[in-house]
Amino acid sequence: MSLQKRTCKNLIIETKLQLLADVDKKQSTKKEIAENYGIPHNTLTTIPKKRAKLERPGLATEFQPKRKRLRTTENFDIDQAFFLWFKQARAMSAPLSNPILTSQAEVAQELGMKDFTASVG
């Protein structure tokens, strides 16, 4: 008896919202809905638990609907300031490389963020 290994399937936000709408309609059982989306039944039970995150106001403007995860930055102010600097540098056609970006990101440490580390990628 060989057990078939399940593959991990990450649904995009748009699909998760459609799945929630299908669950709310109650036209089919949860088992049928899970089969239609090609996910295990236990995954279908976890998505409605995250409904508040998926349906929060402003989600459509903050994240693209084709994204799979809703991760945000811990240092929003630094992220916004760095992105503004990046756009200005690109507008002036300034050469940007990893060392330049890393040195600019280290400004966060000067602003008093002790646990901030610049990463590549």
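Note that full-length UniProt numbering has the sequence shown beginning at 1, numbered continuously upward. Cβ coordinates follow ideal geometry from the N, Cα and C atoms, glycine included. This structure is a prediction, so every number in the text was calculated from the model and none was measured.
Handout entry: Rounded C-alpha distance that separates residue 51 from residue 69
Key = 13 angstroms
Practice task
Check residue 115 in the structure and name its three-state DSSP category.
Solution key: coil
Handout entry: Under the three-state DSSP convention, the category residue 71 falls into
Key = coil
Problem - Reference residue 47, options 113, 19, 67, closest by Cα - result: 19
Practice task
Give the secondary structure of residue 109 by DSSP, where H, G and I count as helix, E and B as strand, and everything else as coil.
Solution key: Three-state result, residue 109: helix.
Practice task
Taking 8 angstroms as the cut-off, decide whether the C-beta atoms of residue 16 and residue 23 are in contact.
Solution key: no
Problem - Collapsed DSSP secondary structure at residue 49 in the structure displayed - result: helix
Problem - Cut-off 8 angstroms between Cβ atoms - residues of its own chain near residue 41, not counting five sequence neighbours on either side - result: 30, 31, 34
Problem - C-alpha distance - residue 78 paired with residue 96, whole-angstrom precision - result: 18 angstroms
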